[in-house]
Amino acid sequence: MSPLLVFIIRRLIQYIPMILAVIIVTFLLVRLAPGDPTYILVGEVGDESFVRAARERLGLDKPLYEQFVIYISNVFRGDLGYSYLRSEPVAKLIVERIPATLLLVLTAMFISALIGIIAGTIAAAKKGAADLTLSTLSIVGISIPYFWLGQIILIIFAVWLGVFPLGGMISVGHEYQGLQYFIDVIYHLTLPAMTLAIFNIAFTTKITRGSVLEALTQDYILTARAKGIPESRVVFRHALRNALIPVVTYTGFNTGVLLVGAILTETVFAWPGMGSLLYDSIRLRDYPVVLGIFIYGSIIVILANLLVDILYGILDPRIRLR
Amino acid sequence: MGTHPLLKVENVKKYFPVGRAVFGRSKQYVKAVDDVSFTIDVGGSLGIVGESGSGKTTLAKVILRLLEPTSGKVYLDGVDLFSLNNKELRKLRPKMQMIFQDPMASLNPRRKIMHIIGQVFKTHTSIGDVEIRERVVDLLEKVGLTPPELFLDRYPHELSGGQRQRVCIARAIALNPKLLIADEPVSALDVSVRGQIVKLLLEIYEKHIDEIAYIVISHDIALIKSLCKDTLVMYLGRVVEKGEVRRIIEEPLHPYSQMLISSIPVPDPEIARNRKRIPIGGEIPSLINPPKGCYFHPRCPYVMDRCREKTPSLINVDDRLVSCYLYSE
Amino acid sequence: MNDSRILEISDLKTYYYTSRGIVRAVDGITLDLKKGESLAIVGESGSGKSTLAFSIMRLLPDNARIVDGSIWLYPEKIDLVRLSNDEMRKVRGRRIGMVFQDPMTFLNPVMKVGDQIAEAIMYHHGCTQKVARKRAVELLERLRIPDASNVALRYPHQLSGGMKQRVIIAIAISCNPEILIADEPTTALDVTVQAEVLELLRGFIHELGMSLILVTHDLGIVAEICDKVAIMYAGKIVEIAETYSLYKSPKHPYTIGLLKAVPTVHKSSSEVGGIKGNPPDLVNPPAGCRFNPRCPYVFEKCLGEEPPLIRVNNDRAVACWLMM
Ligand SMILES: Nc1ncnc2c1ncn2[C@@H]1O[C@H](COP(=O)(O)OP(=O)(O)OP(=O)(O)O)[C@@H](O)[C@H]1O
Ligand SMILES: Nc1ncnc2c1ncn2[C@@H]1O[C@H](COP(=O)(O)OP(=O)(O)OP(=O)(O)O)[C@@H](O)[C@H]1O
Ligand SMILES: [Mg+2]
Ligand SMILES: [Mg+2]
Numbered sequence: 000m001s002p003l004l005v006f007i008i009r010r011l012i013q014y015i016p017m018i019l020a021v022i023i024v025t026f027l028l029v030r031l032a033p034g035d036p037t038y039i040l041v042g043e044v045g046d047e048s049f050v051r052a053a054r055e056r057l058g059l060d061k062p063l064y065e066q067f068v069i070y071i072s073n074v075f076r077g078d079l080g081y082s083y084l085r086s087e088p089v090a091k092l093i094v095e096r097i098p099a100t101l102l103l104v105l106t107a108m109f110i111s112a113l114i115g116i117i118a119g120t121i122a123a124a125k126k127g128a129a130d131l132t133l134s135t136l137s138i139v140g141i142s143i144p145y146f147w148l149g150q151i152i153l154i155i156f157a158v159w160l161g162v163f164p165l166g167g168m169i170s171v172g173h174e175y176q177g178l179q180y181f182i183d184v185i186y187h188l189t190l191p192a193m194t195l196a197i198f199n200i201a202f203t204t205k206i207t208r209g210s211v212l213e214a215l216t217q218d219y220i221l222t223a224r225a226k227g228i229p230e231s232r233v234v235f236r237h238a239l240r241n242a243l244i245p246v247v248t249y250t251g252f253n254t255g256v257l258l259v260g261a262i263l264t265e266t267v268f269a270w271p272g273m274g275s276l277l278y279d280s281i282r283l284r285d286y287p288v289v290l291g292i293f294i295y296g297s298i299i300v301i302l303a304n305l306l307v308d309i310l311y312g313i314l315d316p317r318i319r320l321r
Numbered sequence: 000m001g002t003h004p005l006l007k008v009e010n011v012k013k014y015f016p017v018g019r020a021v022f023g024r025s026k027q028y029v030k031a032v033d034d035v036s037f038t039i040d041v042g043g044s045l046g047i048v049g050e051s052g053s054g055k056t057t058l059a060k061v062i063l064r065l066l067e068p069t070s071g072k073v074y075l076d077g078v079d080l081f082s083l084n085n086k087e088l089r090k091l092r093p094k095m096q097m098i099f100q101d102p103m104a105s106l107n108p109r110r111k112i113m114h115i116i117g118q119v120f121k122t123h124t125s126i127g128d129v130e131i132r133e134r135v136v137d138l139l140e141k142v143g144l145t146p147p148e149l150f151l152d153r154y155p156h157e158l159s160g161g162q163r164q165r166v167c168i169a170r171a172i173a174l175n176p177k178l179l180i181a182d183e184p185v186s187a188l189d190v191s192v193r194g195q196i197v198k199l200l201l202e203i204y205e206k207h208i209d210e211i212a213y214i215v216i217s218h219d220i221a222l223i224k225s226l227c228k229d230t231l232v233m234y235l236g237r238v239v240e241k242g243e244v245r246r247i248i249e250e251p252l253h254p255y256s257q258m259l260i261s262s263i264p265v266p267d268p269e270i271a272r273n274r275k276r277i278p279i280g281g282e283i284p285s286l287i288n289p290p291k292g293c294y295f296h297p298r299c300p301y302v303m304d305r306c307r308e309k310t311p312s313l314i315n316v317d318d319r320l321v322s323c324y325l326y327s328e
Numbered sequence: 000m001n002d003s004r005i006l007e008i009s010d011l012k013t014y015y016y017t018s019r020g021i022v023r024a025v026d027g028i029t030l031d032l033k034k035g036e037s038l039a040i041v042g043e044s045g046s047g048k049s050t051l052a053f054s055i056m057r058l059l060p061d062n063a064r065i066v067d068g069s070i071w072l073y074p075e076k077i078d079l080v081r082l083s084n085d086e087m088r089k090v091r092g093r094r095i096g097m098v099f100q101d102p103m104t105f106l107n108p109v110m111k112v113g114d115q116i117a118e119a120i121m122y123h124h125g126c127t128q129k130v131a132r133k134r135a136v137e138l139l140e141r142l143r144i145p146d147a148s149n150v151a152l153r154y155p156h157q158l159s160g161g162m163k164q165r166v167i168i169a170i171a172i173s174c175n176p177e178i179l180i181a182d183e184p185t186t187a188l189d190v191t192v193q194a195e196v197l198e199l200l201r202g203f204i205h206e207l208g209m210s211l212i213l214v215t216h217d218l219g220i221v222a223e224i225c226d227k228v229a230i231m232y233a234g235k236i237v238e239i240a241e242t243y244s245l246y247k248s249p250k251h252p253y254t255i256g257l258l259k260a261v262p263t264v265h266k267s268s269s270e271v272g273g274i275k276g277n278p279p280d281l282v283n284p285p286a287g288c289r290f291n292p293r294c295p296y297v298f299e300k301c302l303g304e305e306p307p308l309i310r311v312n313n314d315r316a317v318a319c320w321l322m323m
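Protein chains in written order, with numbering that gives the first Met the number 0: chain G, 0 to 321; chain R, 0 to 328; chain D, 0 to 323.
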């Protein structure tokens, strides 16, 4: 077996207890949160017997620990249960939505990595005005809440200027195919991806700047300068390459934050991903869906971290994957 | 305590795969350490000299299991180091310490000296902060960084090379190791500081003579002479000669040792430029495809037919061990 | 005689600005170097040798400044101190190469060593990467690195200390610079390899007319390859002389002490006395001659007034009141 495969399998096994912990914690959190789904199902004024029947059907009459054991054993059989409200398997509901969320998150990640790394490197290499501007912008970017930012962007570009759609992922009423479909999706994707990316661009800029500044103080930079090669090459080939290692780590850590951002962004832009599903499900106390999304979310975060570990091995030859 | 082998190294080998860097497997190997054996008694000290790249640092790291061995056995005080699991190894770490070739690279640039040395106690003992501080102060005094208060809050880059090396030594001796390996402890230091560090190492050695064993790695045989009684001479991952340092300097037996002694620069331009040296040069040895037979034969002035065929084994000659056919029979 | 001059340093002062005060690491140094000449700079740790080297390369850290003096590069007679960054870059690598002191930290850890050498060749000779890589391997072979073509593909952490040091030398000489500044280039090498590397440098000096500034504390190496020796003490040159006569009859008390302090195989470093006392703090150097607290021949004049570097005969200058 190739060492890479061994490494991946080894890591995945190590992650099992983590996933278990995530399930326990979210299960408890969700159940301890105020609100009872039966009333939402049946309505506040429903007959007491209706309520009891509904509770029995959903298994909510059993003690908490029993519910938990049942839930866990189902999860391990690959069964995340049924949505209370939509009477569809939770897994199916979520899986349908994953591509949209991934598209949004990966686009935002790509944009922010590209812009953030370049801006951060320039800020570090060019002291003075460029640095000040970029650093200030990044601090502003980090401190703006998604929800608010999303609404502002929506108002400016979709409502006032009308250059982008108000929401959704495809234009309703058209049956676009092939390239047209692709363009239509990009057209819808622009605003939410921008909203989600802004925080990350700011964040990546900040991290990259610090990391490149640090790399520029290292001795091997002197060796590079002593060769008489252009300063841009010193910065991008020598300093940035070393600086990327911490940047990648933080980006990995940041996947979770990005997913949370995606929830808010998706709600604002009616993007049909896991985020808007989660938002609705929390509002309506649709426990199985909420739990299911958490489980999928943590798996995504874990996979992102696995990817970071692999990237490490590529970026830093001193690290041997074990 | 009578003398008994504190460290026993048996047929240790370390081959590094080279070629594809990250994920793939490579078919080529660098035979950095190739079948090395020796023992050191309690209170013993052993030097390791050899050409650059002959595997000195690698051997040291394998002995301490900072690198995983390819094969062989190492016993420290009877404990088979290569059979320990990570947890057992961690427990034993304080007992075997290394002073690294690069003092700067082995000190965390963002930590103050207090933290760097204190960390050792934090990881391996359960003593409290106040006592840790006392111990660190004691150690700094012991290695001659006085007054200690002046150094506790400094960062490594605020120290001179010699002072940094003292910090490394302090950290290494913090938990009374049984085995101390110093890799090129003074090669980065200048002459005047060098003398002071050598004195310090000797002092520590003499103070702990009935519990400690010492290995000093250097390419400078004069340094080995001032620190150790015996030495190994390594060439391309193998031991070619072992014996008392003084004797090897006076009368090197192996042709490589002879070359080593004769190329020591002499601080006198007249002698330096007119003296006869054993010519250096010849083929550059390879560690990936080492020559057949004796590894030194392509550069050896006395090469014979059999040197090209079979590796000579280490044999007893007078007061030492040599691996060379010149001395067999 | 003056037309063969290649570098002239006049009254150079480089200071570090620190929270403790101003460190006068290089404090008024005057030197010249001829084409094909090799000059040794010798002195204790902290005497400012590396600072001098970095000043010539204009690679000083942010807290350092060249406060006074000039560094003239011939034949054009351009002052390196006043050159723009862009023009200075053209000087580096091609005209002045530098070997850095610490082999462990001066190589980029995430770049293959062969590529680190090839980079400069590619840039200065405008050749393809393939050609440059081949040249890099050839250089490594000349520096007697075993399995050079394989080593070129490795990362620094896969090399031994001595191999890293030779890679740094290879980078510096890869573009055949007119002047090579080598800061302790052989500390991590065993004597046999050291002898070979010195031989190689000597070859460069003779074949290509390269000039060498060798920073070292090893007087053995100096005796092997240098024509001239400058002895530095606390940021100043105290004696500069032709190698043979310096070893035969050192004049400055510090030089005398240094020569006595050299360990050899026969008298090992614990036996040699060294010079008593410690080098001075460069923030507050002693008044008068900076060596006076450690000097066995100190007299009144030394405490009050600083001795200038005076030419005592054709090939020697000394800064000591005893000589005047
Ligand atoms: N991680 C590694 N991967 C591949 N090869 C390695 C690795 N570490 C060391 N080597 C190789 O092993 C050989 C021995 O290296 P080692 O560092 O032990 O030499 P050394 O005797 O300490 O030399 P020096 O005196 O120059 O420090 C060298 O050829 C080196 O290139
Ligand atoms: N970045 C810095 N900031 C402040 N002081 C410095 C800095 N670099 C060096 N110094 C100080 O300048 C003086 C000269 O240092 P330099 O490195 O030039 O000495 P050196 O002669 O090369 O010594 P060594 O033989 O140890 O390399 C020393 O006192 C040192 O502490
Ligand atoms: Mg080594
Ligand atoms: Mg220096």
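Note that the Cβ used here is the ideal one computed from N, Cα and C, for glycine as well. Please read all numbers here as calculations on a predicted model, not as lab measurements.
Assuming residue i and residue j are in contact, meaning their beta carbons sit under 8 angstroms apart, how far apart are those beta carbons, in whole angstroms?
i: glycine 161 (chain R); j: isoleucine 196 (chain R); result: 6 angstroms
i: aspartate 34 (chain R); j: lysine 60 (chain R); result: Rounded, the Cβ-Cβ distance is 17 angstroms, inconsistent with contact.
i: isoleucine 294 (chain G); j: alanine 201 (chain G); result: 30 angstroms between Cβ atoms; not a contact.
i: valine 68 (chain G); j: isoleucine 22 (chain G); result: Wrong, their Cβ atoms sit about 12 angstroms apart, outside the cutoff.
i: leucine 235 (chain R); j: proline 289 (chain R); result: 6 angstroms
i: valine 185 (chain R); j: leucine 252 (chain R); result: Not really, about 27 angstroms apart at Cβ, beyond 8 angstroms.
i: leucine 286 (chain R); j: lysine 30 (chain R); result: 6 angstroms
i: leucine 258 (chain D); j: leucine 199 (chain D); result: That belief does not hold up - the Cβ atoms of leucine 258 (chain D) and leucine 199 (chain D) are roughly 27 angstroms apart, past 8 angstroms.
Output, in chain order, the set of chain G residues within a Cβ distance shorter than 7 angstroms of residue i.
i: methionine 56 (chain D); result: Ala225
i: glutamate 118 (chain D); result: Lys226, Ile228
Please list, in chain order, the chain D residues whose beta carbon lies closer than 8 angstroms to that of residue i.
i: threonine 207 (chain G); result: Here the premise fails: no neighbours, minimum Cβ distance about 16 angstroms.
i: threonine 222 (chain G); result: Phe99, Phe105, Leu106, Asn107, Gln115, Ile167, Ile170
i: glutamate 183 (chain R); result: Gly160, Ala187
i: tyrosine 219 (chain G); result: Thr104, Phe105, Leu106, Asn107, Pro108
i: leucine 131 (chain G); result: Ordered by position in chain D, no residue passes the 8 angstroms Cβ test against leucine 131 (chain G), which lies about 18 angstroms from the chain.
Name, in chain order, the residues that DSSP records as bridge partners for residue i.
i: threonine 38 (chain R); result: R:Lys7
i: threonine 266 (chain G); result: For threonine 266 (chain G), which the question treats as bridged, DSSP gives no partner whatsoever.
i: proline 251 (chain R); result: None, per the DSSP bridge assignment.
i: glutamate 238 (chain D); result: D:Ile230, D:Val317
i: isoleucine 180 (chain D); result: D:Met97, D:Ile212
Check the Cβ of residue i against every Cβ in chain D and list those closer than 9 angstroms, keeping chain order.
i: threonine 250 (chain G); result: None at all; the shortest Cβ gap to chain D is about 18 angstroms.
Starting from residue i, find everything on chain D with Cβ-Cβ shorter than 7 angstroms and list it in chain order.
i: leucine 149 (chain R); result: Here the premise fails: no neighbours, minimum Cβ distance about 12 angstroms.
i: histidine 237 (chain G); result: Asn107
i: methionine 267 (chain R); result: A quick correction: the sequence has aspartate, not methionine, at residue 267 (chain R). Ordered by position in chain D, the residues that pass the 7 angstroms Cβ test against aspartate 267 (chain R) are Ala222, Tyr246.
For residue i, go through chain G and note every residue whose CB falls closer than 8 angstroms to its CB, in chain order.
i: leucine 211 (chain D); result: Result: empty, since nearest Cβ-Cβ is about 16 angstroms, beyond 8 angstroms.
Cβ closer than 9 angstroms: which chain G residues qualify as neighbours of residue i?
i: tyrosine 122 (chain D); result: Lys226, Gly227, Ile228, Pro229, Arg232
i: arginine 88 (chain D); result: Arg224, Gly227, Ile228, Pro229, Glu230
Using a cut-off of 8 angstroms between C-beta atoms, extract the partners of residue i located in chain R.
i: tyrosine 348 (chain D); result: Here chain D covers residues 0 to 323 and nothing more, so residue 348 (chain D) does not appear.
At least three beta-carbon pairs within less than 8 angstroms, the region 207-216 of chain D to the region 47-61 of chain D: Remark: three or more beta-carbon pairs, one from each stretch, lie closer than 8 angstroms, so the region 207-216 of chain D and the region 47-61 of chain D are flagged as touching.
Residue list, Cβ distance to ligand 4 heavy atoms smaller than 7 angstroms: Summarising the contact set, residues whose Cβ lies nearer than 7 angstroms to any heavy atom of ligand 4 are, in chain order, D:Lys48, D:Ser49, D:Gln100, D:Asp182, D:Glu183, D:Val214.
The region 55-70 of chain R in contact with the region 91-103 of chain R per 3-pair CB rule at 8 angstroms: Contact annotation: the region 55-70 of chain R touches the region 91-103 of chain R, with at least three C-beta pairs closer than 8 angstroms.
Touching by the beta-carbon criterion (3+ pairs, under 8 angstroms), the region 187-199 of chain G and the region 208-227 of chain G: Segments in contact, no.
Stretch pair the region 202-214 of chain G + the region 117-131 of chain G: three plus CB contacts closer than 8 angstroms: Contact holds: three or more Cβ-Cβ distances are below 8 angstroms.
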